[in-house]
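Novice: Numbering (the numbering used here), first residue to last: 109 to 357. Positions of the beta carbon are idealized from the N, C-alpha and C atoms, including for glycine. Keep in mind it's a predicted model, so treat the numbers as computed, not measured.
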Ligand code: PEP
């Protein structure tokens with residue numbers, strides 16, 4: 109269902125004490141009741157984070173999971189492991205996973221299938237690189253990413269999918285897509301979904317924007333009609349900033 113969602117992606121930051129403190133600080137903030145809030149912590153903190161947030165409005169998400177159900181995959185984490193500690197949501201396809209860990213659309217399609225088979229919700233990340241934006245192929249790139257990883261799904265499976273459009277050139281760079289650029293791409297994504305499925309499905313999907321969202325720009329970005337929220341990296345590591353972004357709706 110289409111919701112306002114603000115999700116934090118902590119990436120590989122904070123030690124255990126800092127993680128626990130950030131969650132306690134967030135829990136002490138007044139967070140808009142109209143906005144769903146999630147934090148994707150490093151994997152080692154997920155179980156503690158799930159316990160800490162059990163009676164709060166904050167959901168805990170993984171940053172990644174493996175495509176196999178179990179087996180000889182040293183260092184990896186499965187969907188059933190996540191579920192067994194109370195984590196039911198995972199990011200998939202973050203641009204850093206694609207760039208540094210060579211995650212392809214095909215691999216992501218396999219991860220999507222495994223996550224859905226295990227009843228997980230997915231925040232699926234995608235977006236174009238700077239050269240693709242400059243060469244004006246960004247709409248095609250995004251369409252292809254969606255087609256390759258998600259368009260094999262039945263319409264009913266999309267109830268478990270949240271999309272996060274993250275132009276790579278705006279992630280961790282301080283560079284933000286303008287509200288108009290975000291809206292233009294989100295409208296494109298909805299049109300592609302409507303063409304592949306139907307308008308009802310396209311209107312039911314939450315599409316988040318990610319890329320240097322901060323308290324100073326969140327309101328303008330979130331006011332765009334097809335922007336349903338944000339995936340927040342750097343600014344999710346400070347309780348005050350993250351709460352201000354949540355409350356920017
Ligand atoms: C991200 O990592 O998903 C992200 C959007 O990072 P930042 O907000 O730091 O650009």
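Taking buried to mean at least 16 other C-beta atoms within 10 Å of its own C-beta, is residue 275 buried or exposed?
Specialist: When all chains shown are included, residue 275 counts as buried.
Novice: Per DSSP, residue 198 forms a beta bridge with which residues?
Specialist: DSSP output for residue 198 lists 170 and 230 as bridge partner(s).
Novice: So within the segment 232–300, which uninterrupted beta strand (DSSP E) runs reach at least 3 residues, ignoring any that extend past its ends?
Specialist: Complete beta strand (DSSP E) runs here, min 3: 269–273.
Novice: Are the Cβ atoms of residue 257 and residue 303 separated by less than 8 angstroms?
Specialist: Cβ atoms of residue 257 and residue 303: not closer than 8 angstroms.
Novice: Please determine if the segment 192–207 and the segment 228–238 are in contact, where contact requires at least 3 C-beta pairs separated by less than 8 angstroms.
Specialist: Enough Cβ pairs lie closer than 8 angstroms, so yes.
Novice: State the Cα-Cα distance for the pair residue 266 and residue 309, rounded to the nearest angstrom.
Specialist: Residue 266 and residue 309: Cα-Cα distance of roughly 8 angstroms.
Novice: Could you tell me the boundaries of the alpha helix (DSSP H) in which residue 217 lies?
Specialist: Start and end: 213–225.
Novice: With hydrogens ignored, establish whether the beta-carbon of residue 320 is closer than 7 angstroms to any heavy atom of the ligand PEP.
Specialist: Under cutoff, so the answer is yes.
Novice: Do residue 183 and the ligand PEP come close, with the Cβ less than 7 angstroms from some heavy atom?
Specialist: Answer for residue 183: no, Cβ out of range of the ligand PEP.
Novice: For residue 152, count the other beta carbons within 10 Å of its own beta carbon; 16 or more makes it buried, fewer makes it exposed. Which is it?
Specialist: Classification of residue 152: exposed, given that the 10 Å Cβ count is below 16.
Novice: From the DSSP output, in three-state form, read off residue 313 for me.
Specialist: If DSSP states are grouped into helix, strand and coil, residue 313 belongs with coil.
Novice: Considering only C-alpha positions, which residue in the set 269, 326 and 330 is nearest to residue 196?
Specialist: Measuring from the Cα of residue 196, the nearest candidate turns out to be 269.
Novice: Out of 315, 290 and 214, which has the shortest C-alpha to C-alpha gap to residue 253?
Specialist: Of 315, 290 and 214, the residue nearest in Cα terms is 214.
Novice: Residue 354 by DSSP, collapsed to three states: which one?
Specialist: Three-state DSSP puts residue 354 in a helix.
Novice: Have a look at the DSSP bridge pairing and note the partners of residue 115.
Specialist: BP columns for residue 115 point to 146 and 339.
Novice: Compute the minimum distance between the beta carbon of residue 117 and the heavy atoms of the ligand PEP, and state whether it is under 7 angstroms.
Specialist: Yes.
Novice: From which residue to which residue does the alpha helix (DSSP H) around residue 159 run?
Specialist: Start and end: 154–160.
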